[in-house]
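Below you'll find the structure, written out as structure tokens, and then a few comments.
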Amino acid sequence: LFRSHYEIDPHHFLAEVHDVPLDALAPDPGLHAALERLQGPRLIFTNGSAGHAQRVMDKLELTPFFDGVFALEDADLIPKPDPRTFHKMLARFGVDPATACFFEDTPKNLEPARDLGMTTVLVGTKAFTAEGDHIQHRAASLGPFLTTAMLDGDPQ
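Heads up: the sequence shown runs through residues 1340 to 1495, numbered per our numbering.
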């Protein structure tokens, strides 16, 4: 789309749009502790660029808690919620959707995850206003949700 319609280099475009200040971000020790206790692989699946994902992970001191990143470049620039992108991510990391939990802040991106059999959690400001059967769990913030889910013995 970028090249064929607008003669824009998509990688240059992504570098430009993701060149944003990260001053407002700060590490969250509670999230770190919750992530550390999670079993199984932990992956970042983003519609952002790999470079932006790494910058954010570094700023939030999250890099040690994740086993891989699947960014827009890995998806051949086809963003979520396209099911092809989900299939590519699952294949890349050998993830069985039936054993995966997908955390997302954009409601429509949960639809293909749910269709594939993943457990879905909508996180953030839209968590308690968005509607749909594809939203199985809701969380205002990831750290407290993970802590509560683990304390309750919920394998999801």
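Ideal Cβ placement from N, Cα and C applies to all residues, glycine included. Keep in mind it's a predicted model, so treat the numbers as computed, not measured.
Roughly how far, in whole angstroms, is the beta-carbon of residue i from the beta-carbon of residue j, given that I think they are within contact range, below 8 Å?
i       : j       : result
Leu1461 : Ala1469 : 6 Å
Arg1538 : His1476 : Residue 1538 lies beyond the stretch modelled for the chain, which goes from 1340 to 1495, so this question has no answer here.
Asp1413 : Arg1431 : 7 Å
Ala1373 : Thr1486 : 5 Å
Determine the direct distance from the alpha carbon of residue j to that of residue i, and round the result to whole angstroms.
i       : j       : result
Gly1407 : Glu1346 : 31 Å
Ile1417 : Leu1401 : 25 Å
Ala1479 : Asp1348 : 36 Å
Lys1398 : Pro1360 : 11 Å
Ala1466 : Phe1484 : 12 Å
Asp1367 : Pro1422 : 32 Å
Arg1381 : Phe1405 : 5 Å
Lys1447 : Gly1471 : 9 Å
Lys1419 : Cys1440 : 16 Å
Glu1450 : Thr1458 : 11 Å
Asp1415 : Ala1365 : 31 Å
Lys1427 : Val1434 : 10 Å
Gln1506 : Thr1438 : What the structure shows of the chain is the stretch from 1340 to 1495, and residue 1506 is not part of that stretch, so it cannot be assessed.
Asp1362 : Gly1390 : 17 Å
Tell me which same chain residues have a C-beta within less than 6 Å of the C-beta of residue i, skipping the five on either side of it?
i       : result
Thr1385 : Ala1392 and Ala1410
Gly1492 : Bear in mind that the predicted position of Gly1492 carries a pLDDT of just 49, short of 50, making it unreliable; the figure below should be weighed with that in mind. Closer than 6 Å at the Cβ level, and outside the excluded window around Gly1492, lies no residue.
Met1396 : Thr1402
Ile1383 : Ala1392, Phe1405 and Val1408
Name, in chain order, the residues that DSSP records as bridge partners for residue i.
i       : result
Thr1459 : Phe1441
Arg1334 : There is no way to answer for residue 1334, as the model of the chain reaches only from 1340 to 1495.
With a threshold of 7 Å on Cβ separation, who are the neighbours of residue i within its own chain once the five nearest residues in sequence on each side are excluded?
i       : result
Leu1455 : Phe1425 and Pro1436
Phe1290 : The displayed coordinates of the chain run from 1340 to 1495. Any statement about residue 1290 would go beyond what the structure contains.
Thr1445 : none
Leu1429 : Pro1436
Beta-carbon within less than 8 Å of residue i's beta-carbon, same chain only, minus the 5 sequence neighbours each way: which residues are those?
i       : result
Gly1369 : Gly1482, Pro1483 and Thr1486
Those runs of the alpha helix (DSSP H) which lie wholly inside the stretch 1364-1449 and span at least 4 residues | The qualifying runs are 1368-1376, 1389-1398 and 1422-1432.
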